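Peer 1: The structure under discussion is supplied below as structure tokens; questions concerning it will follow.
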Ligand code: ATP
Ligand code: MG
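Numbering (our numbering), first residue to last: 116 to 503.
As structure tokens, this is what we get:
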């Protein structure tokens, strides 16, 4: 039986005037996600987008699973194509929806006839198909108001039969909101922050600061794995690994201990800004959450922000750890995040970090060293890799 995927108006998170641009991005993203599954045809009409596999050997189930992770889709349907006659439509409904019918206690049939040459009216089609289901499945009853299963029959250029809609993930198509760079540690929060911004249509570049030999290759691979998990939703992500060891050692040797973390965070922001600008990113993203640690008090965040001219987005800022964890589980990053590899932040954690720093103090302490050459070197030695 030939099956297709239908995305209908209302199932897309459309944005007024940007609709065409939005649809273009969405189709491009779906094509990218399906690129290793075989050839698909995309047909746009006034009110729907139909996706059809060009050959039999395409893994349709996998395509459906992947679509559930594409931002910009509120819901979608899979539909079987029937011959344009009522006997074929009835048989298709029974065969194609068998499992859904068996699982449902109540159902209704809704027919939509846009091809007026078809000999029966919509109510007639609904009645015939409904009667056929009732005859074949004694357990099921009709409920026109709130059925477990809604069978839709559509007569257009072809006849389609579909069951209940499948829930999409919502959000906006990645790329429709521009590009931003996410500072990715190996922790729980930053992958969640990355995911949340991608959900609003932001295309991501991921920047990770590594401090070998204090941090291991395993720690870096863990971050890479996290980027890969996020890319299942966010599409291709450029992953930049910045060698940060020399800078961290310099901080440790030359700066007051209670300001280590803040100076480090400011230097991360500065380097990230330069990488972001090279990559045409217009904002930075971090996984910070207010009050979670000493470097995430209001004052500390202000001091961090001052190190970059770019807006810094922190989608986890108002979330409790449990809320962040629940998203991390949902996007399957949690188990990876809690693997016990050291992060560059934990290696040089001060014993008594400042929670109420003034910008003056931090600037003064940071000015003890000329960072320019070290930062340039770190940027020059940054490794880039496209993930996904
Ligand atoms: P996470 O769970 O994301 O690691 P966290 O609560 O552990 O966050 P910190 O370690 O203070 O917080 O880091 C705050 C934010 O700074 C992180 O969310 C991340 O955006 C960024 N960050 C920290 N360490 C690194 C790193 N090694 N490379 C890139 N970004 C980092
Ligand atoms: Mg961390």
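All residues carry an ideal CB built from backbone N, CA and C; glycine is no exception.
These numbers come from a predicted model, not from an experiment.
Please tell me whether, using a cut-off of 7 Å, the distance from the CB of residue 408 to the nearest non-hydrogen atom of the ligand ATP is below it.
Peer 2: As a position in the chain shown, residue 408 is number 293, starting the count at 1. It does: the Cβ of residue 408 is within 7 Å (strictly closer) of some heavy atom of the ligand ATP.
Peer 1: Is residue 304 close to the ligand ATP? I mean its beta-carbon at under 7 Å from any heavy atom of the ligand.
Peer 2: In the chain shown, counting from the first residue as 1, residue 304 sits at position 189. Answer for residue 304: yes, Cβ within range of the ligand ATP.
Peer 1: CB of residue 403 to nearest heavy atom of the ligand ATP: below 7 Å?
Peer 2: Along the chain shown, read from residue 1 onward, the residue named residue 403 stands at position 288. Under cutoff, so the answer is yes.
Peer 1: Can you tell me where the alpha helix (DSSP H) holding residue 143 begins and where it ends?
Peer 2: By one-based count along the chain shown, residue 143 stands at place 28. Segment 134-148, the alpha helix (DSSP H) holding residue 143.
Peer 1: Going by alpha carbons, who is nearest to residue 433 out of 425, 196, 403 and 220?
Peer 2: Residue 433 sits at position 318 when you count from the first residue of the chain shown. Of the listed residues, the one whose Cα sits closest to residue 433 is 403.
Peer 1: Cα separation between residue 122 and residue 468?
Peer 2: Your numbering for residue 122 matches position 7 in the chain shown. Your numbering for residue 468 matches position 353 in the chain shown. Cα-Cα distance, rounded: 52 Å.
Peer 1: If you reduce the DSSP assignment to three classes, tell me which class residue 323 lands in.
Peer 2: Reading the chain shown from its first residue, position 208 is the one you call residue 323. The answer is strand: DSSP assigns residue 323 an E or B state.
Peer 1: Compute the minimum distance between the beta carbon of residue 377 and the heavy atoms of the ligand ATP, and state whether it is under 7 Å.
Peer 2: As a working note, residue 377 is residue 262 in the chain shown. No - the ligand ATP has no heavy atom lying nearer than 7 Å to the Cβ of residue 377.
Peer 1: Indicate the three-state DSSP secondary structure (helix, strand or coil) for residue 478 in the structure shown.
Peer 2: Position 363 of the chain shown, counted from the first residue, corresponds to residue 478. Residue 478 falls in the helix class under three-state DSSP.
Peer 1: Put residue 501 into one of helix, strand or coil per three-state DSSP.
Peer 2: Locating residue 501 in the chain shown gives position 386, counting from the first residue. Residue 501 falls in the strand class under three-state DSSP.
Peer 1: Counting only the same chain and skipping the five closest in sequence on each side, list residues whose C-beta sits under 6 Å from that of residue 306.
Peer 2: Residue numbering aside, residue 306 sits at position 191 when the chain shown is read from its first letter. Here the set comprises 341, 345 and 448.
Peer 1: What are the boundary residues of the alpha helix (DSSP H) that includes residue 451?
Peer 2: Here residue 451 corresponds to residue number 336 of the chain shown, with the count starting at 1. First-last of the alpha helix (DSSP H) with residue 451: 449-452.
Peer 1: Looking at the unbroken alpha helix (DSSP H) that takes in residue 333, where does it start and where does it end?
Peer 2: As a working note, residue 333 is residue 218 in the chain shown. Counting along the chain, the alpha helix (DSSP H) containing residue 333 begins and ends at 332-349.
Peer 1: Give every residue of the same chain whose Cβ lies closer than 7 Å to the Cβ of residue 369, excluding the five residues on either side of it in the sequence, and list them in chain order.
Peer 2: Reading the chain shown from its first residue, position 254 is the one you call residue 369. The answer, listed in chain order, is 483 and 484.
Peer 1: For residue 298, list the residues DSSP reports as bridge partners.
Peer 2: Stepping through the chain shown from its first residue, residue 298 is reached at position 183. In the DSSP output, where bridge partners are listed per residue, residue 298 has 322.
Peer 1: Quick one: what's residue 159 bridged to in DSSP?
Peer 2: For this step, residue 159 is matched to residue 44 along the chain shown. According to DSSP, residue 159 bridges with 164.
Peer 1: Pair every Cβ in the stretch 179-189 with every Cβ in the stretch 216-229, then say whether three or more of these pairs are closer than 8 Å.
Peer 2: They do not touch, by the three-pair rule.
Peer 1: Are residue 422 and residue 384 close, meaning C-beta to C-beta below 8 Å?
Peer 2: Sequence index remark: in the chain shown, residue 422 carries index 307 (1-based). Sequence index remark: in the chain shown, residue 384 carries index 269 (1-based). Yes.
Peer 1: Could you tell me how far apart the beta carbons of residue 116 and residue 211 are, in whole angstroms, since I believe they sit closer than 8 Å?
Peer 2: By one-based count along the chain shown, residue 116 stands at place 1. By one-based count along the chain shown, residue 211 stands at place 96. Contact holds; Cβ gap of about 6 Å.
Peer 1: Just to confirm my understanding: we take residue 373, look at its own chain, exclude 5 residues before and 5 after, and list those with CB closer than 7 Å. What are they?
Peer 2: The count along the chain shown starts at 1 and reaches residue 373 at position 258. Only 465, 467, 468 and 469 meet the Cβ criterion.
Peer 1: Is residue 489 near residue 361, with beta carbons less than 8 Å apart?
Peer 2: For the purposes of this step, residue 489 is identified with residue 374 of the chain shown, where counting begins at 1. For the purposes of this step, residue 361 is identified with residue 246 of the chain shown, where counting begins at 1. In contact: residue 489 and residue 361 (Cβ atoms closer than 8 Å).
Peer 1: So does residue 300 have its beta carbon nearer than 7 Å to some heavy atom of the ligand ATP?
Peer 2: Residue mapping note: residue 300 aligns to position 185 of the chain shown, counting from 1. Yes, the ligand ATP has a heavy atom inside 7 Å of this Cβ.
Peer 1: Hey, could you find the ends of the alpha helix (DSSP H) residue 189 is sitting in?
Peer 2: As a first step, residue 189 must be located in the chain shown, where it is residue number 74. Counting along the chain, residue 189 falls outside any alpha helix (DSSP H), though it belongs to the beta strand (DSSP E) covering 188-197.
Peer 1: So, is residue 104 buried or exposed, given that buried needs 16 or more other C-beta atoms within 10 angstroms?
Peer 2: The structure shown has nothing for residue 104, since the chain only spans 116 to 503.
Peer 1: State the DSSP-derived secondary structure class of residue 127, mapped to helix, strand or coil.
Peer 2: What you label residue 127 is simply residue 12 of the chain shown in a count that begins at 1. Three-state DSSP puts residue 127 in a strand.
Peer 1: Consider the C-beta atom of residue 458 and the heavy atoms of the ligand ATP; say whether any pair is separated by less than 7 Å.
Peer 2: One-based indexing of the chain shown puts residue 458 at position 343. Yes, the ligand ATP has a heavy atom inside 7 Å of this Cβ.
Peer 1: Per DSSP, what kind of secondary structure is residue 252 in: helix, strand or coil?
Peer 2: In the chain shown, counting from the first residue as 1, residue 252 sits at position 137. Looking at residue 252 - three-state DSSP - the assignment turns out to be coil, as it is neither helix nor strand.
Peer 1: Taking C-beta to C-beta, are residue 308 and residue 386 nearer than 8 Å?
Peer 2: Here the question's residue 308 lines up with position 193 in the chain shown. Here the question's residue 386 lines up with position 271 in the chain shown. No, Cβ-Cβ distance for residue 308 and residue 386 is not below 8 Å.
Peer 1: Measure the C-alpha to C-alpha separation of residue 159 and residue 165 and round it to an integer number of angstroms.
Peer 2: As a first step, residue 159 is located in the chain shown; it is residue number 44 there, counting from the start. As a first step, residue 165 is located in the chain shown; it is residue number 50 there, counting from the start. C-alpha separation (whole angstroms): 6 Å.
Peer 1: Following a CB-centred definition, is residue 323 positioned closer than 7 Å to any heavy atom of the ligand ATP?
Peer 2: Residue 323 sits at position 208 when you count from the first residue of the chain shown. Yes - the ligand ATP has a heavy atom lying nearer than 7 Å to the Cβ of residue 323.
Peer 1: What residue does the beta strand (DSSP E) around residue 354 start on, and which one ends it?
Peer 2: Taking the chain shown and counting its residues from 1, one reaches residue 354 at position 239. Unbroken beta strand (DSSP E) run through residue 354: 352-358.
Peer 1: Could you tell me which residues DSSP pairs with residue 456 in its beta bridges?
Peer 2: Position 341 of the chain shown, counted from the first residue, corresponds to residue 456. Paired residue(s): none; residue 456 is not in a bridge.
Peer 1: Since residue 491 is in the alpha helix (DSSP H), which residue starts that stretch and which ends it?
Peer 2: Here residue 491 corresponds to residue number 376 of the chain shown, with the count starting at 1. From DSSP, the alpha helix (DSSP H) with residue 491 extends over 487-495.
Peer 1: Rank 476, 371 and 357 by C-alpha distance to the C-alpha of residue 498 and give the top, closest one.
Peer 2: Numbered from its first residue, the chain shown carries residue 498 at position 383. Among 476, 371 and 357, the Cα nearest to that of residue 498 is on 357.
Peer 1: Can you tell which of 331, 118 and 408 has the C-alpha that lies nearest to the C-alpha of residue 169?
Peer 2: Along the chain shown, one-based indexing puts residue 169 at 54. The candidate whose alpha carbon is nearest that of residue 169 is 118.
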